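**Student:** In the numbering used here, the protein residues as written are 4 to 330.
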């Protein structure tokens with residue numbers, strides 16, 4: 004039996020930024036983002052993607068530590084891939100991030116752009132789950148352009164609530180929230196005191212709850228295997244599926260070579276074996292991770308490999324017997 008891969012050491016990739024200049028840095032980032040957003044709103048989808056690829060390649064050179072994290076994690080997961088193959092994947096990963104950023108900044112224009120540039124396979128699974136009236140947990144991941152779920156929900160005329168991260172830059176946070184505004188998608192900032200109650204309320208009202216659990220974030224989680232390595236994974240999707248008995252559907256975006264976006268949807272059956280497991284939330288989260296992992300293996304260049312997915316270690320992996328985090 005082969006040994007499990009060893010998580011990378013993230014210590015060499017730590018970011019050291021002066022706190023003294025943080026307010027100015029945040030303001031300049033906001034101004035730059037706002038300026039790019041104004042530009043993006045004037046561009047066609049093809050132009051956005053061309054600009055995004057250029058921005059992505061620029062980011063690859065300006066953020067060598069992020070590129071190194073992506074390469075280290077790719078080497079861990081795809082051990083048979085050589086350095087040249089990983090280099091191509093890292094470049095394509097950054098190009099995808101650049102295109103995603105440009106498309107996201109222009110989402111208010113794109114939502115009014117007709118055509119088959121955005122479509123979905125497996126929509127009957129989502130509609131069937133929605134018609135049960137118990138709400139739906141739409142499980143997604145940071146693959147291709149997950150931000151376009153808002154446009155997809157508007158096209159399908161299905162009410163949804165998306166759990167989003169609160170940006171540490173208040174101006175940026177307001178800008179991004181306003182940019183996501185959509186009659187069919189409400190956003191709920193993760194970590195707010197009322198978040199748990201609002202999540203349950205959304206399901207009770209029969210809405211679709213969009214949740215991404217493929218990143219190590221500041222949220223209650225369980226250590227579920229991801230590519231064979233225990234990874235701190237938010238437990239919210241499993242907890243709500245078990246507690247509210249809401250149906251679960253996966254919805255992952257794929258970016259096609261011609262620039263189109265196609266969401267792939269499939270049901271996840273939550274059975275009695277999940278509910279009677281010794282740790283139901285862990286058992287179900289493992290199954291969710293397997294779905295996400297399978298999608299990433301099929302479209303490896305479209306996932307955010309620069310994210311430190313395994314930065315926290317399970318208690319048994321530390322000398323003191325406590326969870327650790329590399330920041």
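Using N, Cα and C, we set each Cβ at its ideal position, and we do this for glycine too. These numbers come from a predicted model, not from an experiment.
Between residue 265 and residue 253, is the Cβ-Cβ spacing less than 7 Å?
**Tutor:** Their beta carbons are not under 7 Å apart, which means residue 265 does not touch residue 253 by this criterion.
**Student:** Taking only three categories from DSSP, how would you classify residue 328?
**Tutor:** Here the model assigns residue 328 a pLDDT of 40, short of 50, so the residue's position is not dependable, and the following value carries that caveat. The answer is strand: DSSP assigns residue 328 an E or B state.
**Student:** Can the beta-carbon of residue 48 be found closer than 7 Å to that of residue 120?
**Tutor:** It is a contact, given that the beta carbons lie within the stated cut-off.
**Student:** Drop a sphere of 10 angstroms on the beta-carbon of residue 91, count the other beta-carbons inside from all chains shown, and report buried for 16 or more, exposed for fewer.
**Tutor:** Flag for residue 91 reads exposed.
**Student:** Using CA atoms only, rank isn't needed, just tell me which of 96, 196 and 61 is closest to residue 77.
**Tutor:** Closest by alpha carbon: 96.
**Student:** Under DSSP, the beta strand (DSSP E) around residue 235 begins and ends at which residues?
**Tutor:** Run containing residue 235: 232-237, per the beta strand (DSSP E) assignment.
**Student:** Counting along the chain, where does the beta strand (DSSP E) carrying residue 173 start and finish?
**Tutor:** Per DSSP, residue 173 belongs to no beta strand (DSSP E); it is in the alpha helix (DSSP H), 173-183.
**Student:** So, is residue 82 buried or exposed, given that buried needs 16 or more other C-beta atoms within 10 angstroms?
**Tutor:** Exposed, by the Cβ-count rule.
**Student:** With a threshold of 8 Å on Cβ separation, who are the neighbours of residue 277 within its own chain once the five nearest residues in sequence on each side are excluded?
**Tutor:** Here the set comprises 245, 283, 286, 287 and 290.
**Student:** Expressed to the nearest angstrom, what Euclidean distance is found between the alpha-carbon atoms of residue 234 and residue 21?
**Tutor:** Their Cα atoms are separated by approximately 30 Å.
**Student:** If we ignore side chains and look at the alpha-carbon of each, how far apart do residue 102 and residue 57 end up?
**Tutor:** If you take the alpha carbons of residue 102 and residue 57, they lie about 9 Å apart.
**Student:** Once DSSP output is grouped into helix, strand and coil, what is the label at residue 10?
**Tutor:** Of the three classes helix, strand and coil, the one that applies to residue 10 here is coil, per DSSP.
**Student:** Taking 6 Å as the limit between beta carbons, can you name the residues of its chain near residue 99, skipping five residues before and five after?
**Tutor:** These residues qualify, in order along the chain: 305.
**Student:** Does residue 115 pass the burial test, meaning 16 or more other C-beta atoms within 10 Å, or should it be called exposed?
**Tutor:** Classification of residue 115: exposed, given that the 10 Å Cβ count is below 16.
**Student:** Here's a check: name, in chain order, each residue in its chain whose Cβ is nearer than 8 Å to the Cβ of residue 182, leaving out the five neighbours to either side.
**Tutor:** Answer for residue 182: 40, 107, 108, 110 and 111, listed in chain order.
**Student:** Out of 255, 262, 243 and 295, which one is the CA nearest neighbour of residue 273?
**Tutor:** Ranking 255, 262, 243 and 295 by Cα distance to residue 273 puts 243 first.
**Student:** Just how far apart, CA to CA, sit residue 261 and residue 187?
**Tutor:** If you take the alpha carbons of residue 261 and residue 187, they lie about 28 Å apart.
**Student:** If you reduce the DSSP assignment to three classes, tell me which class residue 16 lands in.
**Tutor:** Residue 16: helix per DSSP, three-state reduction.
**Student:** Below 7 Å between beta carbons: does that hold for residue 193 and residue 168?
**Tutor:** Contact flag set, yes.
**Student:** So residue 248 and residue 137 are supposed to be a Cβ contact under 8 Å. How far apart are they, rounded?
**Tutor:** Going by Cβ atoms, the distance from residue 248 to residue 137 rounds to 6 Å, so yes, they are a contact pair.
**Student:** How many whole angstroms separate the CB atoms of residue 143 and residue 80, which I take to be in contact at a CB cut-off of 8 Å?
**Tutor:** About 20 Å separates the two Cβ atoms, so there is no contact after all.
**Student:** Mind listing, in chain order, the continuous alpha helix (DSSP H) runs of no fewer than 4 residues lying wholly within the region 46-86?
**Tutor:** Counting whole runs of 4 or more residues, the region 46-86 contains the alpha helix (DSSP H) stretches 48-65 and 67-80.
**Student:** From 145, 208 and 176, pick the residue whose C-alpha is nearest to that of residue 161; which is it?
**Tutor:** Residue 208 is the option with its Cα nearest to residue 161.
**Student:** When the Cα of residue 171 is compared with those of 14, 25, 15 and 11, which residue comes out closest?
**Tutor:** Closest option to residue 171, Cα to Cα, is 25.
**Student:** What is the rounded straight-line gap between the Cα of residue 259 and the Cα of residue 292?
**Tutor:** Using only the alpha carbons, I get a separation of about 23 Å.
**Student:** Might you give, ordered along the chain, the residues of its own chain that have their beta carbon closer than 8 Å to the beta carbon of residue 296, omitting 5 neighbours on each side?
**Tutor:** If we look at residue 296 and ignore the five residues flanking it on each side, its Cβ neighbours are 229 and 230.
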